[in-house]
Structure formats: structure tokens, C-alpha cells
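As numbered in numbering that gives the first Met the number 0, residues 0 to 354 make up the sequence shown, in order.
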Amino acid sequence: MKAVAVIPKQKDSAQVVDIDTPTISENEVLVKIKLVGLDGTDKEINGGLYGDAPEGEKLLIIGHESLGEVVKTGKSVRTVKSGDMVVATVRRPDDCINCQAGEYDMCLKGAYTERGIKGGHGYLSEYYAEDERFLVKVPKELGDLAVLLEPTSVAEKAIRMAYTAQKRVIWEPETALITGTGSLGLLTAILLRLRGLEVISVDRSDNEYKETIFSELGVTHFNAQKISLHDIPYEMGRQLDLIIEETGSSTVALHAMMIVGINGVVVLTSITGGDTRIQICADCFNQGLVLGNKAVVGSVNAHRKDFEQGITDLLAAEKQWPGLLAKLITGRYDPEEIQEALLSMKDNIKVVIEF
Ligand code: BGC
Ligand code: ZN
């Protein structure tokens, strides 16, 4: 069968390869891939900056945002059947206490694997095999939009982390800022609007296409090339109760910690490689966090319950803003066009590969 693989750490190596169709064991399910979404992680892997092949192998099949159809089930599989549409989770546990309790997004040891990223093959192939425990059944009415479930789960976890951290205080958030308006930023905006928050987004551009999405959602957008992040609360006339950082810029992350309001929380969800150094007033920074009782939380990957919440919210979003989610999928490519697809990400919101 056809698959898209990289030679890890080799730049621009993603290409179509021919491999054996997987076989399944008793607890496993064979899934035929329909769509796979691409994100910044795939770009970094193709850039040779990230990603590890499974132990003892040379190639890594990429792709971790999947949507596929169950075509065969092992004899002890109970939770899914042929014809079901499923999305697979990404991380696989090690033997730490968190992983053993099903919290492998909170892995303590770091010996986890991630399909399509770290030590495990991904889903950019005609078929994949997986244990039923790691599959999430998605409602048929979501159609192709279910390919947005994995990134939605990442946004759900970030929001869950914020609300969990804020149990430390009486917290009635009104205003949230999202830095970065890629697919993750826009999905986060949708989830926060569903929760009734006033949402502000900021990135470094004015984009007409995204403007229509912001106005439909009722999101206020700022261009960081025209306004300093520090001026946003003044411009809005209110404090920022929650900031979700999704640019991966460590400079933006540090500024977010400085501009978040009293008793507020910042969730950091994104990284970019490098070793950027900046000068900050460390005393002001420390004072701001302490005197404002502010919290900063890092968030990566997602728990199964974040996928489940993601399904509820994608359905709710489709009801509240019909057709809006489909506007996030702006590029479709064949597996053979993988390099072109990765390159096109800079001009797209979500690029998907269609099998
Ligand atoms: C994926 C996560 C993963 C993270 C770090 C993201 O692109 O969506 O599932 O944990 O990369 O590898
Ligand atoms: Zn672990």
C-alpha cells in the first residue's frame, strides 16, 4: 500500500513509499484512511528538525491528524465495527503512573511514543492497524469535519488545563486572548466562543479570509504589527482573564505572562525550535506574576476525554455557525503532492491529504 514517510532528521524527505498493508491481531482494528490533516509538527518533521522512526527502522510514516473508516476488526474487538468512522489518538503510554492511569498526555517519564511523530508510524497511509482502546468513534454527521478532531482535542486540553488551574480562585472569566490564528488558534476561538467568552485574537497579519471567520464568530482581531500586545487590554478597556498562546514564539509567551490580568492564567501550547534570547525586566516580570496571583500552565497532546469533548463541541459549533468549520479546511492534496501540500501550509488554515 501507499504511505507517506520521511527519513527522520533529513530535510524535505517526505515522499510516497510502498509498504505492506498491516495485519491485525485479536484486539486490533484495520482502518482505511480517508483524510489526514497536516500541522506545524509535520512541517518540522519534514524540515528534519523533529521526529523519530520506530526503534530499529529507518523510515517514519508521518501524519497524526486522522480520519478513517473501520474495515476489519479482530475477534475480541467490542467498541467499534466495520463501517464506523474513527479518529485515532496520538500518544501511546509507557509504564509511568500517569500513563498507567490513562493520562498519557501527562506522561511523567517521557518514554511514550507518538504515532506519526516519535517512535511510532503515523496515519498517512492507505490503511493502519490499531488497538481499539486508542480509537475514538466519530458521528457520521460530522463528515470530513471529523479530521479536525485531533487538533480540536489539543485545544480542548488547553482550555481544560486553564479551568483546572483556576480552581485555585473564584474565577468568572469574561475575556480571553488567543495569540496565533492558525488552525489551532481558530479552533480554540470557536471553543471559547461556545463557552460564552469574549474572544480577542492577535497575529502578525490582516487576512481578509480570516476576517470573515472572525466576524461570524464575533472575535475581535488585532494585528501585532500595528499594536503592541501590552496595549490590547487598554484598547479593549478590560483585563485579559485567560491567554492561550499558540504562536510557539517564546517572546510572545513571555509577553503573554506579563499582560494577563489579575488572577489570570496563561496556557502555553506551542513550541518552535531554536534558542532565542531576549532581554526582559526580570524583576517586573516576577512582580507581575506574584502581585497578580497569575498562573502559567504548559499543555501538550490530549486525553481521550478531550477528544470526546471535541466531538460535542464540533457538533455544537456546526449547529451554531453552520458551514464555518468547513471554511477551516482550505487545502486538499493527494499523497504524491506531500511536499507541495507542506509548502502550501503558509497560505492555508488547514491542509489535508486525501486518500
Ligand atoms: C500533536 C500532539 C503532540 C505534539 C508534540 C502536536 O502536533 O498534535 O498530539 O503531542 O505535536 O509532539
Ligand atoms: Zn508515561
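For every residue, glycine included, the Cβ atom is placed at its ideal position computed from N, Cα and C. Note that this is a predicted model, so its numbers are computed, not measured.
A residue is called buried once 16 or more other Cβ atoms fall within 10 Å of its Cβ, and Tyr233, having fewer, is exposed. A distance below 9 Å separates the beta carbons of Gly101 and Arg303.
If you draw a straight line from the Cα of Ser204 to the Cα of Lys74, it comes to about 53 Å. Straight through space, the alpha carbons of Asp305 and Asp130 are spaced by roughly 19 Å.
A Cβ-Cβ distance of about 32 Å is found for the pair Glu245 and Ala128, leaving them out of contact under the 8 Å criterion.
The beta carbons of Met235 and Gly39 sit no closer together than 9 Å. Each residue's CA atom was taken as its position, placing Val135 and Thr72 some 14 Å apart.
With fewer than 16 other Cβ atoms inside 10 Å of its own Cβ, Arg77 counts as exposed.
Put simply, of Leu34, Glu68, Val79 the residue whose alpha carbon is nearest the alpha carbon of Ile61 is Leu34.
According to DSSP, Met84 shares a beta bridge with Glu68, Val137. Taking 8 Å as the cut-off, the C-beta of Ala161 does not count as close to any heavy atom of the ligand BGC.
Here Ser24 carries a coil assignment [DSSP, helix/strand/coil]. For the set Leu323, Leu342, Gln99, the Cα lying nearest the Cα of Gly217 is the one of Leu323. Within the chosen limit of 8 Å, the ligand ZN does not reach the beta carbon of Asn285 with any heavy atom. As for any beta strand (DSSP E) of minimum length 3 sitting wholly inside the stretch 146-206, the runs are 174-178, 197-202, ordered along the chain.
Under the 10 Å beta carbon count, Pro7 is surrounded by 16 or more other beta carbons and is classified as buried. Rounded to whole angstroms, Tyr208 and Ile348 show a C-alpha spacing of 10 Å. The stretch 332-339 and the stretch 3-22 touch, with three or more beta-carbon pairs separated by less than 8 Å. Within its own chain, the residues whose Cβ lies closer than 8 Å to the Cβ of Lys139, once the five positions on either side in sequence are excluded, are Met84, listed in chain order. The C-beta distance from Val146 to Glu113 rounds to 18 Å, too long to meet the 8 Å contact threshold. Relative to the ligand BGC, the beta carbon of Gly73 is positioned no closer than 8 Å to any heavy atom. At a Cβ-Cβ threshold of 9 Å, Ile231 and Ile177 do not count as neighbours.
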